[in-house]
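As numbered in this note's numbering, residues -16 to 66 make up the sequence shown, in order. I have placed the structure first, in the form of structure tokens, so that the comments after it can refer back to it.
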Amino acid sequence: MLTTNRVVADKKGNVTLPAVLLVDGETITSDAEKLAKVTVTAEVLNDLRGPKIVIQKYKNKTGYKKRQGHRQELTRIKITDIK
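Here it is in structure tokens:
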């Protein structure tokens, strides 16, 4: 299982990802032309949100205070096939 930034899946819950690096036993392939032929299929398990972070801004002697929060949208996927 992997947790990545939010990805949009099809109706069946599958997503196709591009290959960035291919490791096959002893050989490592990072050539873009060879990797263009490789597709990675993954199944989306669930969508979730990361931990909340708080951003605060403050300026002295002016009364300026600002508070903001952020939670990253994440997707948990399971790799099903590499062709």
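By construction, the Cβ of each residue, glycine as well, lies at the ideal position given by its N, Cα and C atoms.
| Query | Result |
| --- | --- |
| Cβ contact check for the region -5 to 12 and the region 29 to 37: 3 or more pairs under 8 Å | no |
| Cβ contact check for the region 13 to 28 and the region 48 to 64: 3 or more pairs under 8 Å | yes |
| Local conformation of A19 per DSSP, three classes | coil |
| DSSP three-state assignment for P1, whether helix, strand or coil | strand |
| Range covered by the beta strand (DSSP E) that runs through V37 | 36 to 42 |
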